[in-house]
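Number of protein chains: 2
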Amino acid sequence: MTDKIPELEVLFELADLFKVFGDSTRLRIMYTLFDGENSVGAIAESLSMEQSTISHQLRVLRTNKLVKVRRDGKQIYYSLDDDHVKKIIEMGLDHVLE
Amino acid sequence: MTDKIPELEVLFELADLFKVFGDSTRLRIMYTLFDGENSVGAIAESLSMEQSTISHQLRVLRTNKLVKVRRDGKQIYYSLDDDHVKKIIEMGLDHVLE
DNA sequence: ATATCATATGAACAATTATTCATATGTTCA
DNA sequence: TGAACATATGAATAATTGTTCATATGATAT
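Order-wise, the sequence lines are chains X and P. So in numbering that gives the first Met the number 0, spot 36 of the first sequence is number 35, and the numbers just go up one at a time. So in numbering that gives the first Met the number 0, spot 71 of the second sequence is number 70, and the numbers just go up one at a time.
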């Protein structure tokens, strides 16, 4: 019960983390990566969105250490970088689906 | 693994849910309620924030079914309305604290 | 080298949002 | 009824953010 309240600084980081999950485009990108790595172009095509949009959002995910990168020739492959990602999303789904 | 990707509509709801967690004031309010119900004024005072700010944010939490309300005389008491709240927050903390 | 392909990045714009101020609503007590 | 208290609400403002367009960077192959 009586959980210790984190420092304000930590709460800001926590809020920032949840902000990352608070955008449907980023959620869709993460779902795209549930099955394994994927290239930027492939993600963009599979979501029918602009390459630039995906690239911008991947940067957000990267900055927050939710995805990691691998380059292979001209293409750059992204994959999930955190075990919690799926868990956090599924926990949210539990709530949404009642 | 191969989780089924939720409908777009569900993904929007999911994003909306995470948006609620993506604000430090709301996180602080939720932490305030970890130990049990609390009145608006008490929350405002304990966070040293304006009553109006807290009230606005409590409405967001209420709308998203994360807190529930009880009136007792002049005061209105809020409490967490969902078992997932703590779990979602703690899962996020796990990531933030590495 | 240069053309081509894949991705990243910066600027601009529209849309969303958190907070504040002022005020309204609703409750209690005299 | 009226005063005092607790909370809610609307309007206004400042700040943040997602997308697009145009362009830059980096890699490959000819």
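The beta carbon of each residue, even a glycine, is placed where N, CA and C say it ideally should be.
Whole angstroms is fine: what's the gap from residue i's alpha carbon to residue j's?
{"i": "valine 9/P", "j": "leucine 10/X", "result": "27 Å"}
{"i": "methionine 48/P", "j": "serine 78/P", "result": "18 Å"}
{"i": "valine 16/X", "j": "glycine 91/X", "result": "Reading the sequence as shown, one finds leucine at residue 16/X and not valine. If you take the alpha carbons of leucine 16/X and glycine 91/X, they lie about 14 Å apart."}
{"i": "glycine 40/P", "j": "valine 59/P", "result": "17 Å"}
{"i": "phenylalanine 33/P", "j": "glutamine 50/X", "result": "42 Å"}
{"i": "valine 19/P", "j": "glycine 21/X", "result": "8 Å"}
{"i": "leucine 7/X", "j": "alanine 14/X", "result": "10 Å"}
{"i": "threonine 31/X", "j": "isoleucine 87/P", "result": "22 Å"}
{"i": "histidine 83/P", "j": "aspartate 93/X", "result": "8 Å"}
{"i": "glutamate 12/P", "j": "glycine 72/X", "result": "38 Å"}
{"i": "lysine 3/X", "j": "lysine 3/P", "result": "36 Å"}
{"i": "glutamate 97/P", "j": "glutamate 97/X", "result": "30 Å"}
Anything in chain P within Cβ reach of residue i, meaning under 9 Å, just list it in chain order.
{"i": "isoleucine 120/X", "result": "Since the first and last residues shown for chain X are 0 and 97, residue 120/X lies out of range."}
Applying a beta-carbon distance threshold of less than 7 Å, which residues of chain P neighbour residue i?
{"i": "valine 68/X", "result": "The premise fails here: valine 68/X is roughly 18 Å from chain P at the closest Cβ pair, so nothing lies under 7 Å."}
{"i": "lysine 18/X", "result": "Gly21"}
Identify, in the order they occur along the chain, each residue of the same chain with its Cβ nearer than 7 Å to the Cβ of residue i, setting aside the five sequence neighbours on each side.
{"i": "glutamine 56/X", "result": "Thr24, Arg25, Ile28"}
{"i": "lysine 64/P", "result": "Asp80, Asp81"}
{"i": "serine 54/P", "result": "Val39"}
{"i": "arginine 61/P", "result": "Val68"}
{"i": "valine 66/P", "result": "Leu32, Leu57, Leu60, Tyr77, Ser78, Leu79, Asp80"}
Which chain X residues are close to residue i, counting only those with a beta carbon under 7 Å from its beta carbon?
{"i": "aspartate 93/P", "result": "His83"}
Ignore the nearest five residues each way along the sequence and tell me which others in residue i's own chain have a CB closer than 8 Å to its CB.
{"i": "tyrosine 76/X", "result": "Glu36, Asn37, Ser38, Val68, Arg69, Arg70"}
{"i": "threonine 101/X", "result": "Given that chain X is displayed from residue 0 to residue 97, the structure contains no residue 101/X and the question cannot be resolved."}
{"i": "lysine 85/X", "result": "Phe33, Leu79"}
{"i": "glutamate 89/X", "result": "none"}
Using a Cβ-Cβ cut-off of 6 Å (strictly less than) and excluding sequence neighbours within five positions of residue i, which residues of its own chain qualify?
{"i": "glutamine 74/P", "result": "Ser38"}
{"i": "proline 5/X", "result": "none"}
{"i": "leucine 46/P", "result": "Arg27"}
{"i": "valine 95/X", "result": "none"}
Shorter than 8 Å from the beta carbon of residue i to some beta carbon of chain P?
{"i": "leucine 57/X", "result": "no"}
{"i": "methionine 90/X", "result": "yes"}
{"i": "valine 9/X", "result": "yes"}
Find the residues of chain P that neighbour residue i, judging by a C-beta separation of less than 8 Å, and give them in chain order.
{"i": "lysine 73/X", "result": "Near lysine 73/X there are no residues of chain P at all, since even the closest Cβ is about 27 Å away, more than 8 Å."}
{"i": "alanine 41/X", "result": "Correct list: empty, because the minimum Cβ distance to chain P is about 15 Å."}
{"i": "glutamate 12/X", "result": "Val95"}
With a threshold of 8 Å between beta carbons, is residue i in contact with chain X?
{"i": "isoleucine 87/P", "result": "yes"}
*Note down, one range per segment and in chain order, each alpha helix (DSSP H) of at least 4 residues found wholly within the stretch 20-73 of chain X.*
Listed in chain order, they are 23-32, 39-46, 50-62.
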